Amino acid sequence: MEAKRYLQEVGAQVSDDFVKNRSILSFEEYVTLFMGDPRGQSRNAAQYLRDVMDHYGTETVSHPTGKIRRFKVFDVPSSERDGRVAGQEEVQNAIYRQLGNFTRAGRINKLIMLHGPNGSAKSTLVNALKAGMEDYSRQPQGALYRISWIFPSEKLVKGSIGFGGERAAVAAAGAAAAGGDLSTYAHLDAESIDVRVPCELRDHPLFVVPPVERQRLLEGALKKKGLGNGDGQGDSDFVLSDYLVHGELCHKCRSIYTALLSNYKGDYLQVLRHVRVERFYISRRYQVGTVTVEPQMSVDAMYQQVTADRTQLNVPPALHNVALFEPHGPLVHANRGLIEYSDLLKRPLEAFKYLLGFSETSQVPLEHFVLQLDEVLIASSNEKHLGAFKELPDFASFKGRIELVRVPYLRRYQQEQQVYDAQITPTTVGKHVAPHATEVAAMWAVLTRLKKPIPDRYQPEVKELVDQVTPVEKMHLYEEGVVPDRLSLSHGKELRKLRTDMYEESDAYPNYEGRSGASAREIKTALFNAAQNADYKCLNALAVIEELEAICKDKSVYEFLLQEVVDGYHDHEEFVRAVEAEYLDRVDEEVRESMGLVSEGQYRELVERYVYNVSHWVKGEKVRNRITGANERPDEQRMAELEAIVMPRGEDPGEYRRGLISQIGAHKLDNPDAEMDYPRIFPDMFRRLRDHYFEERKRVLRRNKENVLKYLSEERGSLSSREQTQVESTLKTMHERYGYCEHCAKDAILFLMKKRYG
3 MEAKRYLQEV GAQVSDDFVK NRSILSFEEY VTLFMGDPRG QSRNAAQYLR DVMDHYGTET
63 VSHPTGKIRR FKVFDVPSSE RDGRVAGQEE VQNAIYRQLG NFTRAGRINK LIMLHGPNGS
123 AKSTLVNALK AGMEDYSRQP QGALYRISWI FPSEKLVKGS IGFGGERAAV AAAGAAAAGG
183 DLSTYAHLDA ESIDVRVPCE LRDHPLFVVP PVERQRLLEG ALKKKGLGNG DGQGDSDFVL
243 SDYLVHGELC HKCRSIYTAL LSNYKGDYLQ VLRHVRVERF YISRRYQVGT VTVEPQMSVD
303 AMYQQVTADR TQLNVPPALH NVALFEPHGP LVHANRGLIE YSDLLKRPLE AFKYLLGFSE
363 TSQVPLEHFV LQLDEVLIAS SNEKHLGAFK ELPDFASFKG RIELVRVPYL RRYQQEQQVY
423 DAQITPTTVG KHVAPHATEV AAMWAVLTRL KKPIPDRYQP EVKELVDQVT PVEKMHLYEE
483 GVVPDRLSLS HGKELRKLRT DMYEESDAYP NYEGRSGASA REIKTALFNA AQNADYKCLN
543 ALAVIEELEA ICKDKSVYEF LLQEVVDGYH DHEEFVRAVE AEYLDRVDEE VRESMGLVSE
603 GQYRELVERY VYNVSHWVKG EKVRNRITGA NERPDEQRMA ELEAIVMPRG EDPGEYRRGL
663 ISQIGAHKLD NPDAEMDYPR IFPDMFRRLR DHYFEERKRV LRRNKENVLK YLSEERGSLS
723 SREQTQVEST LKTMHERYGY CEHCAKDAIL FLMKKRYG
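According to this note's numbering, the sequence shown is numbered sequentially starting from 3.
Shown next, in the form of structure tokens:
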């Protein structure tokens, strides 16, 4: 494709997008647009951000407390690889509720303070919101508009209608082609404009309409669309914000408006000719509608006089005697969007004391005027700085103006693993990432964060049960709702009921669960270090385990290592052994499954026959013999044989059987249309069946695993063709089903043989 034709095609596309997006409008055209979508064009920053969260939708996800709503905006609508927020649904819902409070109140009157340990995803949460705002502002329903002032060339403006001469005819033709008319300067080309004066605060276009008339316009447009009066009453919950109803033009725009009105002897329509309405887009890079303020000493809002030196700006005669002040700074750049104060409390108190008034009134007084702003304020802080801030006398003043939202470390290892999987990839580490490498790291991180339950907070009959829960058991209870094998069915059921209470147990404590432990940042560093281990051709779990062991030895760097060990909790070195055992369990199961010695269908068939007999036994019914057709009592021997394998020691068979039927009934109630998925309902039963089967065939397993190792070494020739075919099938399954390559498969099996089959 030749360059000229390519550039013509790109140019045509850009022009089409410019027109389609309605990037430049006259004020009359904007009012027409507003009448078509009064709600969308009447939102303040909180309503806009709430609509951003609604736009991308929600989904219901499982949680230790039950089901919880997750906002998909935190999955990041843009293409950012590692911007997704793993977990933290409680925080997402807390932010949404607070935005709802602002919406119902009609004004943004608090600062949202995200607080938690370092590396708990506070900034990632805010960045996801910003990315959502950027993307949404480019959608038709997310269109945002501001005003600027257009002053045409003096040669162009002649006569009572405002145009004259040959250039006027050209300009008029251009305006008509753009869909405008002769009553506006908005569509003039650049050659016909002497000065364009932008509004740094991105004032809402309707601020050009006087307040009384504006309110009438707003209420009339909303009523016409069936949205009520904008007071949240009746069928519509939309509330007009104080910002839009009572807001006014910024100091610079007001000065221009007043000067023009005076120059035109009060002719309001003549003033409107100078108003150009421009669409703008939220941008983090260019600090439009969203800004991050780092902990620093500079002031967040300033201004400069732009008419002090007339050589700097060719201002029109109407403004020669008008002092125009141009505000700038983070507060100004973030107007009509979101401002984030990263690590706010690291700044000296005097540097952010203005937030006392601003968070409540949305106004910041400067020397010559008061800034009126419309932006959501979100700050972040770690727990140490927040604790110190609470001790200051000024905290009492801030308390009513801050909404505290806790952001703890994740306590579910599969969510933690998602954090690492997003950044630890073959591209970033330069080698294959073996199965379970990030999972092992995630498990260890979560174990370091768990606290021992306090038995005294529970009923007397379950105190001992709670007191005996180990860190690993608590981790699996949180993640999968799985209870320890050592418990009877009734005790397991009781512990499963306590899952929510245990998860929320320390929420009211200053030293809550998830406040301390290994941070995701520290673990990511360990994973990158493990990837450089020259002993392994892949980033595998063995290299990760070595890095975790190294972390445990460096107590001077990692503060969480100094915690006192309490009944196995905070025993970080022992946690390395615990995750190693978890890793071995997974590898053992995957290798056995890959060998195909028994199919999952055989286990399922065995359990289905057992459940069939148990169901009739519980009901006191007879079972129809498939061969003879006679009605017989349930096969007690067959049930007892399976129960000897899968039933916890000391359990009463009758209670066990009734408990199983209760679990099936509960599953049917929760999933009335779903087929019976026994592996999902009884994961412990299936696992015990597999373990029993493979324990009986340990010798065969050992020989098969040795064959795999021989195949991957120089001894391949010692294997028969049948054995080689069997090994190739095993390796193929390990690769296709679980993601092993030959190198990490060999490492994993060698480690397994050493630890379990030596």
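For every residue, glycine included, the Cβ atom is placed at its ideal position computed from N, Cα and C. A quick note: this is a predicted structure, and the numbers were derived from the prediction, not measured.
When DSSP builds the beta bridges, which residues end up paired with residue i?
i	result
I114	I380, E405
Q365	Q374
F73	T60
K122	For clarity, residue 122 is Ser in the given sequence; the question names Lys instead. Answer is none; S122 lacks a bridge partner.
N633	R626
R1	Any property of residue 1 remains undetermined from this structure, which presents the chain solely from 3 to 760.
L224	According to DSSP, which records beta bridges pairwise, L224 is partnered with nothing at all.
T292	L340
L541	V435
V484	V484 pairs with nothing; no bridge assigned.
G741	In the DSSP output, where bridge partners are listed per residue, G741 has none listed.
G68	H65
V568	Y571
V241	D233
Leaving out five residues on either side along the sequence, give the residues of the same chain with a beta carbon under 7 angstroms from the beta carbon of residue i.
i	result
K6	none
R204	R148, F282, N337, R338
D244	G108, R109
K348	P297, H387
Q90	A123, L127, V409
P462	none
Name the two residues that bound the continuous beta strand (DSSP E) containing residue i.
i	result
H65	60-65
S150	146-154
P200	195-200
S28	26-28
Considering residue i, what are the terminal residues of the alpha helix (DSSP H) in which it resides?
i	result
E717	No alpha helix (DSSP H) contains E717, which DSSP labels as neither H nor E.
H330	No alpha helix (DSSP H) holds H330; the beta strand (DSSP E) holding it covers 327-330.
Y245	244-248
T735	723-735
Q416	415-425
C255	253-265
G667	655-672
Give every residue of the same chain whose Cβ lies closer than 6 angstroms to the Cβ of residue i, excluding the five residues on either side of it in the sequence, and list them in chain order.
i	result
A439	L541, N542, A543, V546
V567	D573
A520	A447, T450
E61	R72
E405	Q100, K112, I114
A536	none
G176	With a pLDDT of only 44 at G176, under the threshold of 50, the placement of this residue in the model should not be trusted; the figure read from the coordinates follows. The answer, listed in chain order, is D191.
How long is the line joining the alpha carbons of residue i and residue j, rounded to whole angstroms?
i	j	result
Y571	T430	34 angstroms
G1	E31	Missing from the structure shown is residue 1; the chain here goes from 3 to 760 and no further.
Q604	L662	20 angstroms
K712	T294	58 angstroms
A223	M37	6 angstroms
L795	G118	Residue 795 falls outside the range modelled here, since the chain spans only 3 to 760, and no answer is possible.
V474	N627	45 angstroms
D423	L321	59 angstroms
A47	R86	23 angstroms
I163	F371	Bear in mind that the predicted position of I163 carries a pLDDT of just 39, short of 50, making it too unreliable to give a figure here.
Q420	I426	10 angstroms
S558	K453	22 angstroms
Report the option in the options whose CA atom is closest to the CA atom of residue i.
i	options	result
S518	A123, H189, F562, Q90	F562
E279	L346, R287, F209, H248	The sequence given here places Val at residue 279; Glu does not occur at that position. It is F209.
L747	M649, N535, R72, V589	The sequence given here places Ala at residue 747; Leu does not occur at that position. Closest by alpha carbon: V589.
T450	R414, E463, Y460, Q420	R414
F684	Y58, G631, H669, A536	H669
M687	A676, E677, F371, Q665	Q665
Y58	F29, A130, L116, T105	A130
E393	L351, R692, I426	L351
D587	Q534, K495, I751	I751
R635	A646, M736, V616	V616
L500	D469, E328, K526	D469
Which same chain residues, not among the five before or five after residue i, have their C-beta less than 8 angstroms away from its C-beta?
i	result
L220	P40, S44, L208, G232, L242, L246, V247
V211	L219
E168	Bear in mind that the predicted position of E168 carries a pLDDT of just 39, short of 50, making it unreliable; the figure below should be weighed with that in mind. Nothing listed; no residue qualifies.
E136	S80, Y283, I284, S285, R286, T292
At the 8 angstroms Cβ level, is residue i part of the contact set with chain C, yes or no?
i	result
Q43	Annotation note: the requested chain C is absent from the structure, which comprises a single protein chain.
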